[in-house]
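Colleague: Encoded as structure tokens, here's the structure I'll be asking about.
Residue numbers (my numbering): 90 to 463.
Encoded structure:
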């Protein structure tokens, strides 16, 4: 039986041939394909300005920069995400202020978020975990009441929707990831969708050295910008992926629903929130019933690998990393994030899977849990 990874990108032959054509064209860095992808993403997101970047991490950091976030400022963000989320806050000189998450949604607790606001708070950075949107109505009402910017970490959420409106088609600053394991990929890459052309121009300066060219051969440097531009090779992949994104996400939803139907173990997993049709299902991450097992998570992952099934971990609780313990965070601060961080596993979920693959994973997980039960 072939090995089933927990994720794998789907690249069709037309996209591969398109990359070959870009390579043969001689124009492989930022060029016409980047412009085409930005326009296609803008069209997909209702016409808002879109600027591509070389990663979602760069996108988040630039998002903070164009919002004027810096030393002495605070940004509230969930204690459960990939470490890029608080890292970029730290890198611009601000302080990440963590709040706990819902045990099923994995999204930031908005009651705790409001309680955490201080005079130093300048922005909120929510994460749409696994593609399940945060309560956008409450989030933006909260931001308006306190005069805060919102930089959405939508790394998991391309194609997700809140009450029929696509994430990124409204709101403030929204960052998407096109990493190889995301719902659409450019190999590495990301994008920002913005609420104004002014913000879009600010992104352009930050992503390419602060350069402004007036006429060919003459330029000025307006700010000490960095380098975060996307290549045409990556953009050509993104164009092929975006054309199939709705198809990919529909398949992800069907696979996730199959997990809800078939993932029955004794003792049982704690399942993630089901969401609705707006959930794009970047991943399926239930919680192991570790208190009722004689193996730990490492043992579960090893047992699944013995059965030729790959399992990931998304994610540890970030406030317990060394870099954030130095800010005073400690065990017990955010119980839900800590429980999730200890017991989460990511089961296979990607468009090339068949429903029978989900059945195989569920059968293997049930066997491992049964054998390991106390």
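Glycine residues also receive a C-beta, built at the ideal position from the N, C-alpha and C atoms. All values derive from a computational prediction rather than experimental measurement.
I need the DSSP call for residue 226, collapsed to helix, strand or coil.
Modeller: In the structure shown, residue 226 adopts helical secondary structure according to DSSP, grouped into three states.
Colleague: Can you check DSSP and say which residues form a bridge with residue 373?
Modeller: 436
Colleague: Exposed or buried, residue 217, counting other C-beta atoms within 10 Å across all chains shown (16 or more means buried)?
Modeller: buried
Colleague: How about residue 195 and residue 361: are their beta carbons less than 8 Å apart?
Modeller: Judged by their CB atoms, residue 195 and residue 361 are nearer to each other than the 8 Å cut-off.
Colleague: Compute the distance between the beta-carbons of residue 222 and residue 256, then report whether it is under 8 Å.
Modeller: For residue 222 and residue 256, yes; Cβs fall inside 8 Å.
Colleague: Below 7 Å CB to CB, which residues in the same chain sit around residue 320 once its five sequence neighbours on both sides are set aside?
Modeller: 117, 118, 119
Colleague: Would you call residue 271 buried or exposed, if buried means 16 or more other Cβ atoms sit within 10 Å of its Cβ?
Modeller: buried
Colleague: Determine, using beta carbons only, whether residue 150 and residue 180 come nearer to each other than 8 Å.
Modeller: yes
Colleague: Assign residue 264 to buried or exposed, taking buried as 16 or more other Cβ atoms, counted over all protein chains shown, within 10 Å of its Cβ.
Modeller: Residue 264 is buried by the Cβ-count criterion.
Colleague: Please confirm whether residue 240 and residue 152 have their CB atoms less than 8 Å apart.
Modeller: Cβ atoms of residue 240 and residue 152: closer than 8 Å.
Colleague: Indicate the three-state DSSP secondary structure (helix, strand or coil) for residue 343 in the structure shown.
Modeller: In the structure shown, residue 343 falls within a helical segment according to DSSP collapsed to helix, strand and coil.
Colleague: According to DSSP, is residue 349 part of a helix, a strand, or is it coil?
Modeller: helix
Colleague: Using the Cβ count rule (16 or more neighbours within 10 Å means buried), how would you classify residue 336?
Modeller: exposed
Colleague: Among the candidates 234, 283, 438, 140, whose CA atom is the shortest distance from the CA of residue 339?
Modeller: If we check each option's Cα against that of residue 339, 438 comes out closest.
Colleague: Spatial neighbours of residue 413 within its chain, please: C-beta separation below 8 Å, excluding the five flanking residues on both sides.
Modeller: 175, 185, 187, 407
Colleague: Taking buried to mean at least 16 other C-beta atoms within 10 Å of its own C-beta, is residue 311 buried or exposed?
Modeller: exposed
Colleague: Would the beta-carbon of residue 275 fall within 8 Å of that of residue 323?
Modeller: yes
Colleague: For the 8 Å Cβ check, are there 3 or more pairs between the region 445–460 and the region 350–369?
Modeller: The region 445–460 is in contact with the region 350–369.
Colleague: Rounded to the nearest angstrom, how far is the Cβ of residue 292 from that of residue 281, given a contact under 8 Å?
Modeller: Sure, about 6 Å apart at Cβ, within 8 Å.
Colleague: With the cut-off set at 8 Å, would you say residue 144 and residue 279 are in Cβ contact?
Modeller: yes
Colleague: Grab the span of the beta strand (DSSP E) containing residue 163 for me, first residue to last.
Modeller: 163–167
Colleague: Could you check if residue 247 is buried or exposed, using at least 16 other CB atoms within 10 Å of its CB as the buried criterion?
Modeller: When all chains shown are included, residue 247 counts as buried.
Colleague: Along the alpha helix (DSSP H) that carries residue 279, what are the first and last residues, could you check?
Modeller: It is not in any alpha helix (DSSP H) - residue 279 instead sits in the beta strand (DSSP E) that spans 279–282.
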